[in-house]
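What follows is a set of notes on a single structure, which appears directly below.
Residue numbers (my numbering): 3 to 151.
What follows is the structure, encoded as structure tokens:
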């Protein structure tokens with residue numbers, strides 16, 4: 003059964019949270035797809051993942067880099083899955099129009115300060131619940147630590 007985790011950003015930005023979540027996901031040894039809102043954001047996050055931490059390395063790429071099938075982490079604003087990812091990250095309100103069931107796990111990261119993003123996440127939750135998927139909701143505490151609600 004597909005597992006979907008909702009991450010409600012309240013204390014940190016996507017730019018602060020995404021690299022850490024990707025680091026954890028990468029340790030699972032499965033390819034990852036990150037879908038973002040547009041190509042400008044793809045390249046911004048592509049650059050961020052090279053520079054966010056001098057002591058970390060997350061192998062990744064985008065259409066601009068090429069060699070999609072060799073990239074453990076693929077960033078895109080499209081509904082492609084050229085690296086045969088098993089983990090899907092949805093950011094910036096991106097919606098995956100393909101079959102979610104091709105993934106083992108989906109991470110939906112949304113901005114808690116954006117009412118439209120919160121409403122979209124609620125609607126997505128309801129849609130997935132009606133399909134019987136395993137859903138988990140994560141919220142940040144005052145220190146920015148994640149706890150499941």
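Beta carbons are placed, not taken as given, at the ideal position from N, Cα and C, and that holds for glycine.
What residue range is occupied by the uninterrupted alpha helix (DSSP H) comprising residue i?
i          : result
residue 24 : 16 to 28
residue 50 : 41 to 53
Can you give me the C-alpha to C-alpha distance between residue i and residue j, rounded to a whole angstrom?
i           : j           : result
residue 52  : residue 60  : 7 Å
residue 25  : residue 32  : 12 Å
residue 49  : residue 140 : 27 Å
residue 70  : residue 86  : 9 Å
residue 57  : residue 30  : 20 Å
residue 42  : residue 66  : 11 Å
residue 150 : residue 144 : 14 Å
residue 23  : residue 68  : 24 Å
residue 137 : residue 127 : 8 Å
What do you reckon, are the CB atoms on residue i and residue j nearer than 8 Å?
i           : j           : result
residue 36  : residue 77  : yes
residue 82  : residue 99  : no
residue 40  : residue 79  : yes
residue 95  : residue 119 : yes
residue 84  : residue 28  : no
residue 19  : residue 135 : no
residue 130 : residue 105 : no
residue 21  : residue 55  : yes
residue 16  : residue 93  : yes
Going by DSSP, which residues form a beta bridge with residue i?
i           : result
residue 63  : 76
residue 11  : 113
residue 5   : 107, 136
residue 141 : 10, 149
Which two residues bound the contiguous beta strand (DSSP E) that contains residue i?
i           : result
residue 110 : 107 to 113
residue 36  : 34 to 37
residue 91  : 89 to 92
Would you say the segment 3 to 20 touches the segment 119 to 139, given that touching needs at least three Cβ pairs under 8 Å?
Yes: the two stretches touch, three or more of their Cβ pairs being nearer than 8 Å.
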